[in-house]
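FYI, UniProt numbering numbers position 143 of the sequence shown as 143, with every residue one higher than the one before it. Here a beta-carbon is modelled for each residue, glycine too, at the ideal position from N, C-alpha and C. Structure first, commentary second.
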Amino acid sequence: MSIEIANESGAEVDTDAVLAVARHALDEMGVNPLAELSVLLVDVDYMTELNHRWMGGDGPTDVLAFPMDEGSVDHGPGETAAAGGEPALLGDIVLCPEVAAKQAATAGHSTADELHLLTVHGVLHLLGYDHAEPEEEREMFGLQARLLASWRSARSR
1 MSIEIANESG
11 AEVDTDAVLA
21 VARHALDEMG
31 VNPLAELSVL
41 LVDVDYMTEL
51 NHRWMGGDGP
61 TDVLAFPMDE
71 GSVDHGPGET
81 AAAGGEPALL
91 GDIVLCPEVA
101 AKQAATAGHS
111 TADELHLLTV
121 HGVLHLLGYD
131 HAEPEEEREM
141 FGLQARLLAS
151 WRSARSR
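Shown next, in the form of structure tokens:
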């Protein structure tokens, strides 16, 4: 699994843990090990710009996911990579640590925990999950909680 991470946020972030939780989520979801993912951590100004340009939103958001062509996603562990053995490009996850820190304080957990949650959330969006409808939200958030719990359990061993 190739995961590129770049911290351009100016915030101190344990990027190794962000990579580990992303890798765990992808592994648990059976994504082909040749898949590629990009994670970018940005400041509030850049996240505000991205949110406005791509989502029509006002102000910054916590996480954005930009999937590549869904036809290129290799979901199954038994499936082969795209033609020619090329890895599947899942897409990009963009995180804003400053927004995550505010949400973490409200939720009563650490900024690191919030960034891990948002990373898993972004991975699930790249894999086609959404939370626009109540049933979709229950499915996605339940899966997100299970993935985070299994990752935390594996880390504490």
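What are the boundary residues of the alpha helix (DSSP H) that residue i is part of?
i, result
"V123", "111 to 126"
"W151", "134 to 155"
"P60", "Here P60 belongs to no alpha helix (DSSP H), and DSSP marks it neither H nor E."
"E12", "That residue, E12, is in no alpha helix (DSSP H); it is neither H nor E in DSSP."
Mark residue i as exposed unless 16 or more other C-beta atoms lie within 10 angstroms of its C-beta, in which case mark it buried.
i, result
"T106", "exposed"
"E114", "buried"
"E98", "buried"
"H116", "buried"
"M47", "buried"
"G78", "Residue placement at G78 is poorly supported in this model, since its pLDDT is 42, which falls under 50; the coordinates still yield a value, given next. So G78 counts as exposed."
"M140", "buried"
"A83", "Residue confidence is low: A83 scores 42 on pLDDT, short of 50, so the model does not pin down where it sits. Its coordinate-derived value is still stated next. Exposed, because fewer than 16 other Cβ atoms sit within 10 Å of the Cβ of A83."
"A100", "buried"
"P60", "buried"
"A104", "buried"
"W54", "exposed"
"A22", "buried"
"residue 165", "The shown model of the chain, from 1 to 157, leaves out residue 165, and the question about it has no answer."
"S9", "buried"
Which partner residues of residue i appear in the DSSP bridge assignment?
i, result
"G91", "L37, P67"
"N32", "The partner list for N32 (beta bridge, DSSP) is empty, contrary to what the question assumes."
"N7", "L41"
Beta carbon of residue i, beta carbon of residue j: below 7 Å?
i, j, result
"L37", "L124", "no"
"A25", "L143", "no"
"V94", "L40", "yes"
"N32", "A88", "yes"
"P121", "V44", "First, the residue type needs correcting, since residue 121 is His and not Pro in the sequence shown. No, Cβ-Cβ distance for H121 and V44 is not below 7 Å."
"L127", "M29", "yes"
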